[in-house]
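Visitor: Numbering (the numbering used here), first residue to last: -2 to 492. All C-beta atoms, glycine included, are put in the ideal place defined by N, C-alpha and C.
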DNA sequence: TCTCAACAGA
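1) Could you check where the alpha helix (DSSP H) with residue 390 kicks off and where it finishes?
2) For residue 234, which option in 72, 333 and 251 has the closest C-alpha, if you only look at C-alpha atoms?
3) Restricting to runs no shorter than 4 residues, where is the alpha helix (DSSP H) found entirely within the stretch 102 to 154?
4) So, are the CB atoms of residue 303 and residue 331 less than 8 Å apart?
5) Are residue 166 and residue 150 touching if we call contact CB-CB under 8 Å?
6) Candidates 179, 297, 223 and 460: which alpha carbon is nearest residue 206's?
7) Looking at residue 284: is its Cβ nearer than 8 Å to the Cβ of residue 294?
8) Based on Cα-Cα distance, which residue from 353, 364 and 424 lies nearest to residue 376?
9) Grouping DSSP H, G and I as helix and E and B as strand, with all else coil, what is residue 484?
10) Pull up the distance between the alpha-carbon of residue 475 and that of residue 431, whole angstroms please.
11) Check whether the stretch 472 to 486 touches the stretch 432 to 444, taking contact to mean three or more Cβ pairs, one atom from each stretch, closer than 8 Å.
12) What's the C-alpha gap between residue 194 and residue 159?
13) Less than 8 Å between C-beta atoms, sequence neighbours within five positions excluded: which residues of the same chain meet that for residue 481?
14) Using the rule of at least 16 other Cβ atoms within 10 Å of the residue's Cβ for burial, across every protein chain shown, is residue 329 buried or exposed?
15) Going along the chain, which residues of its own chain have a beta-carbon closer than 7 Å to the beta-carbon of residue 44, five neighbours each way excluded?
16) Could you tell me whether the Cβ atoms of residue 338 and residue 361 are closer together than 8 Å?
17) Which term fits residue 333, buried or exposed, when burial requires 16 or more other beta carbons within 10 angstroms of its beta carbon?
18) Measuring alpha carbon to alpha carbon, tell me which residue in 384, 454, 374 and 383 is nearest residue 395.
19) From this set, 381, 437 and 397, which residue's C-alpha is nearest residue 411's C-alpha?
20) State the start and end residues of the unbroken alpha helix (DSSP H) segment that holds residue 269.
21) So what's residue 474 in DSSP terms, helix, strand or just coil?
22) Rounding to the nearest angstrom, what Cα-Cα distance links residue 288 and residue 278 in this structure?
23) Would you grab the beta carbon distance between residue 131 and residue 161 for me? Rounded to a whole angstrom, and I think it's under 8 Å.
24) State buried or exposed for residue 465, treating a residue as buried only when at least 16 other CB atoms are found within 10 Å of its CB.
25) In angstroms with no decimal places, state the Cα-to-Cα distance between residue 406 and residue 424.
26) Using a 10 Å radius around the Cβ and a threshold of 16 neighbouring Cβ atoms, would you call residue 85 buried or exposed?
27) Going by alpha carbons, who is nearest to residue 499 out of 386, 210, 438 and 186?
28) Using the Cα positions of residue 317 and residue 384, report the straight-line distance between them to the nearest angstrom.
29) Pick from 230, 227, 168 and 164: whose alpha carbon is nearest that of residue 126?
30) Does DSSP put residue 379 in a helix, in a strand, or in coil?
31) So residue 162 is in the alpha helix (DSSP H); what residue range does that whole segment cover?
32) Taking 6 Å as the limit between beta carbons, can you name the residues of its chain near residue 344, skipping five residues before and five after?
33) Do you know offhand how far residue 347's Cα is from residue 271's?
34) Along the alpha helix (DSSP H) that carries residue 245, what are the first and last residues, could you check?
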């Protein structure tokens, strides 16, 4: 397969939600596509493995079988190479299956490149292919490019369905473009762009809850209850979870009862949300009641239920009880995962019991559970809080050696540890490194750096950084000013 | 091909 440079240039057009007016999309004509990675991805395919040229019936059947058996990206790309060689072309549904699997592997950019190549081959794509492409863009946080595919959709005379709009709505919420998502939803309703389904409502309700607007999510739930598209268990779960996260557990319990009265049976997700909400408020007696109730209703606690309990007990410092829950779950044949162990590790870290935390971390390896970035970060944070910065640096090196890419939380934690150990220049080097590797400092990073400089008698330097931040971060959080002012006040008192 | 849940950094 040869990927043409400049492929698709001019075929795609960009639009954004703002471009949608009076029922028509207006497009700007620059190409949103970048091609630099194509050769890298395809260069990785072993030619020896992919050299089969296939055109007979057996091969077509074999490919259909292999489509159900893709284990990783290399597999998928290799299979695609073979699929692309077959003439006449395989049915577009087979290409859709491949694309879905690549999206499922969270390889969104590869899915986009494959979609472009499928179009380039001249395969007649269908609505499903385009939805997968739009979804890939949205999941890669490039919803505007998703709109460009939607524009192409319209140009081909296709009417996008609710599925297409649901994908775009979710993309906008993911990118925190709440107003645009709400605007699109309104247009969908008022202009009848498509028939709204339960997923459309679910997407909007979830987006609103995640954006902290649970009240509006409830309003929409009430609209659904009165209308013809009735809320299902997932919708109720979303709202109940939103309320629990807002610490409005009594409203959540009320909705739980209401739902029950409407004949909608709760599931394990409902109970997990409520148990989590009650745990966060230390309402242990009610946690026990709900836990018993769910088992009585034959809704069995899963790994999330137990991990939630472990985490809550750990946060209360009840390590023995947390260990008991871990054993209980194993007795009940629920296999603990990386989250269960990470929660336990964090509990030991909070107590400063680093040997035990490290033991938990090591025990994961013996159980064939791979650590993730979070488990490393928890351990690094534990060592930093104990002022054992060398141990924290050792974990950082260990994670690099094992092929994990530190994220902004890793760097922010490490630089805070370095500042607290009065190793200012090392901390600032980490701050630079974070940006050199292409990560963007976030709120916590800036707080840590400003605070670190102040606590090390460098309030003036913190002020300079604040000035520099004003040029690049818009608008600045009030906390930054508070930290620097506090730094200056403490410096004055010190003098 | 589209909607829900648990662990880290302040």
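Guide: In terms of the structure at hand:
1) Here residue 390 refers to the residue found at position 393 of the first chain. Residue 390 -> alpha helix (DSSP H) spans 386 to 398.
2) One-based indexing of the first chain puts residue 234 at position 237. Selected option, being the one with the closest Cα: 251.
3) 105 to 118, 124 to 136 and 140 to 152
4) Within the first chain, the letter at position 306 stands for residue 303. Within the first chain, the letter at position 334 stands for residue 331. Yes; because the gap between Cβ atoms is below 8 Å, this pair is in contact.
5) Position 169 of the first chain, counted from the start, is the residue given in the question as residue 166. Position 153 of the first chain, counted from the start, is the residue given in the question as residue 150. No, these two residues do not count as a Cβ contact at 8 Å.
6) The residue given as residue 206 occupies position 209 in the first chain. The shortest Cα separation from residue 206 among 179, 297, 223 and 460 belongs to 179.
7) Counted from its first residue, the first chain places residue 284 at position 287. Counted from its first residue, the first chain places residue 294 at position 297. In this structure, residue 294 does not lie closer than 8 Å to residue 284 by Cβ.
8) As a position in the first chain, residue 376 is number 379, starting the count at 1. Measuring from the Cα of residue 376, the nearest candidate turns out to be 353.
9) Here residue 484 refers to the residue found at position 487 of the first chain. Helix.
10) On the first chain, residue 475 is found 478 positions in, with the first residue counted as 1. On the first chain, residue 431 is found 434 positions in, with the first residue counted as 1. Rounded to the nearest angstrom, the two C-alpha atoms are 23 Å apart.
11) yes
12) Walking along the first chain from the start, residue 194 turns up at place 197. Walking along the first chain from the start, residue 159 turns up at place 162. Spanning the two alpha carbons is a distance of roughly 7 Å.
13) Mapped onto the first chain, residue 481 falls at position 484. Excluding positions up to five away in sequence, the list reads 447, 451, 456, 459, 460 and 463.
14) In the first chain, residue 329 corresponds to position 332, counting from 1. Under this definition residue 329 is an exposed residue.
15) What you label residue 44 is simply residue 47 of the first chain in a count that begins at 1. Residue placement at residue 44 is poorly supported in this model, since its pLDDT is 31, which falls under 50; the coordinates are not used for a value here.
16) Position 341 of the first chain, counting from 1, holds the residue named residue 338. Position 364 of the first chain, counting from 1, holds the residue named residue 361. Yes, the pair counts as a contact, with Cβ atoms nearer than the cut-off.
17) Looking up residue 333 in the first chain gives position 336. The residue is buried, with at least 16 neighbouring Cβ atoms inside 10 Å.
18) Working through the first chain from its first residue, we reach residue 395 at position 398. The residue with the shortest Cα to Cα distance from residue 395 is 374.
19) Residue numbering aside, residue 411 sits at position 414 when the first chain is read from its first letter. For residue 411, the nearest C-alpha among the options comes from 381.
20) Taking the first residue of the first chain as position 1, residue 269 is located at position 272. Segment 265 to 277, the alpha helix (DSSP H) holding residue 269.
21) Along the first chain, one-based indexing puts residue 474 at 477. Residue state, collapsed to three classes: coil.
22) Taking the first chain and counting its residues from 1, the one referred to as residue 288 is at position 291. Taking the first chain and counting its residues from 1, the one referred to as residue 278 is at position 281. Cα-Cα distance, rounded: 16 Å.
23) Taking the first residue of the first chain as 1, we reach residue 131 at position 134. Taking the first residue of the first chain as 1, we reach residue 161 at position 164. Confirmed, Cβ separation roughly 6 Å.
24) Counting from 1 along the first chain, the entry for residue 465 is found at position 468. So residue 465 counts as exposed.
25) The sequence position of residue 406 within the first chain is 409, counting from 1. The sequence position of residue 424 within the first chain is 427, counting from 1. Their backbone Cα atoms lie some 14 Å apart in a straight line.
26) Residue 85 sits at position 88 when you count from the first residue of the first chain. Its Cβ having fewer than 16 others within 10 Å, residue 85 is exposed.
27) Not covered by the structure: residue 499. The range shown for the chain is -2 to 492.
28) Against the first chain, residue 317 aligns to sequence position 320. Against the first chain, residue 384 aligns to sequence position 387. One C-alpha to the other measures close to 25 Å.
29) Taking the first chain and counting its residues from 1, the one referred to as residue 126 is at position 129. The candidate whose alpha carbon is nearest that of residue 126 is 164.
30) For the purposes of this step, residue 379 is taken as residue 382 along the first chain, with counting starting at 1. Reduced to three states, the DSSP call for residue 379 is helix.
31) Position 165 of the first chain, counted from the first residue, corresponds to residue 162. Segment 159 to 171, the alpha helix (DSSP H) holding residue 162.
32) Here residue 344 corresponds to residue number 347 of the first chain, with the count starting at 1. Once the five neighbours on either side are set aside, the close Cβ partners of residue 344 are 311, 316 and 319.
33) The count along the first chain starts at 1 and reaches residue 347 at position 350. The count along the first chain starts at 1 and reaches residue 271 at position 274. Each residue's alpha carbon lies about 25 Å from the other.
34) For the purposes of this step, residue 245 is identified with residue 248 of the first chain, where counting begins at 1. Run containing residue 245: none; DSSP gives neither H nor E here.
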